[in-house]
Amino acid sequence: MASLTIFQLAEIGLVAFVAQVGGCIIGGGGFLIQPFLISLGVPPQMAVANDIGGAIASSLSAAAGFTKRNLIRTDIVHILLPGLVVGALLGCFVLNSLPPRLIEKLIGCFGLIFLARVLLFRDRATQPTATRDPQKHRPLVVWSVALSLGAYTTFSGAGIGTLSAVLLARAFRLSFTESLGVRWVCLPAAMAVGLATYWSLGLIVLPLLFALAIGNVVAGQVASRLVVTIGEQVLRTLFIVSLGAFVLYLLAR
Numbered sequence: 002m003a004s005l006t007i008f009q010l011a012e013i014g015l016v017a018f019v020a021q022v023g024g025c026i027i028g029g030g031g032f033l034i035q036p037f038l039i040s041l042g043v044p045p046q047m048a049v050a051n052d053i054g055g056a057i058a059s060s061l062s063a064a065a066g067f068t069k070r071n072l073i074r075t076d077i078v079h080i081l082l083p084g085l086v087v088g089a090l091l092g093c094f095v096l097n098s099l100p101p102r103l104i105e106k107l108i109g110c111f112g113l114i115f116l117a118r119v120l121l122f123r124d125r126a127t128q129p130t131a132t133r134d135p136q137k138h139r140p141l142v143v144w145s146v147a148l149s150l151g152a153y154t155t156f157s158g159a160g161i162g163t164l165s166a167v168l169l170a171r172a173f174r175l176s177f178t179e180s181l182g183v184r185w186v187c188l189p190a191a192m193a194v195g196l197a198t199y200w201s202l203g204l205i206v207l208p209l210l211f212a213l214a215i216g217n218v219v220a221g222q223v224a225s226r227l228v229v230t231i232g233e234q235v236l237r238t239l240f241i242v243s244l245g246a247f248v249l250y251l252l253a254r
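Numbering of the sequence shown is given in the numbering used here, commencing with residue 2 and proceeding in unit increments.
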């Protein structure tokens, strides 16, 4: 890959900012970032690896906020972490083994599915009924959920926030707030495993990683203000249009 210019890095930071703001509203910021990086000539594996690394900072910030407010179900976190680590390593192996063109098509297909969900089910509530039932969770369920989340986090990671919140809530009968707390503690662990693995494989480019991280962190700080100033509907529309354009670009290449 040719070296990225200062102008391209600034563009990447701006797109990461827009994607993260949109992700705060409907999720799926990675579906915008990864195709954009690929359109600049960044190899698919490298685009995914650096997107995951850039998202760690904002994820850790969210995890700190939930921990400070005692909104973390530590019992669920403890049983998920081993499977998440194994799944994260598996996701890295699969991503590094597939041909770049196939990865592009898979990212495009994932984005198309996510876009369809946003457009068709945007008003459907995803908040399950809260329960504190201290049931014993079956190992098969725990490992299935943990391996799936860990593998997808490092294989693509796009939309993992929305996917994990719904999956955790349904699998462990958590309230929506509890599922958010668990995800923001567990996902950074899987992302950290992915970042370390991709670093060892030579897929991490520090200027690119920093541009993505800065865009993510700044967006996390100002997203709520932008929703009030510009309006959620405007931001949602801009995000959906941009996402659709990049998804079609990947599928048509």
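Glycine residues also receive a C-beta, built at the ideal position from the N, C-alpha and C atoms.
Asked: Once DSSP output is grouped into helix, strand and coil, what is the label at S145?; Found: helix
Asked: So, are the CB atoms of G84 and L148 less than 8 Å apart?; Found: yes
Asked: Sorted by chain position, which residues of the same chain lie with C-beta nearer than 7 Å to C93's C-beta, five sequence neighbours on each side aside?; Found: T155, G195, T198, Y199
Asked: Taking R174 as part of the alpha helix (DSSP H), name the residues at either end of that continuous run.; Found: First-last for R174: undefined, no H or E at that position.
Asked: With DSSP run on the structure shown, which of helix, strand or coil describes L113?; Found: helix
Asked: Looking at the secondary structure, which residues open and close the alpha helix (DSSP H) in which G29 lies?; Found: First-last for G29: undefined, no H or E at that position.
Asked: DSSP on R102, reduced to helix/strand/coil?; Found: helix
Asked: By the 10 Å Cβ neighbour count, where 16 or more other Cβ atoms means buried, how is G203 classified, buried or exposed?; Found: exposed
Asked: Give the straight-line distance between the Cα atoms of D134 and V186, rounded to the nearest whole angstrom.; Found: Confidence is the limiting factor: at D134 the pLDDT is only 48, short of 50, which leaves the residue's position unreliable, though a coordinate-based value still follows. Between D134 and V186, the C-alpha separation is close to 21 Å.
Asked: How many Å lie between I13 and S201 at the Cα?; Found: 23 Å
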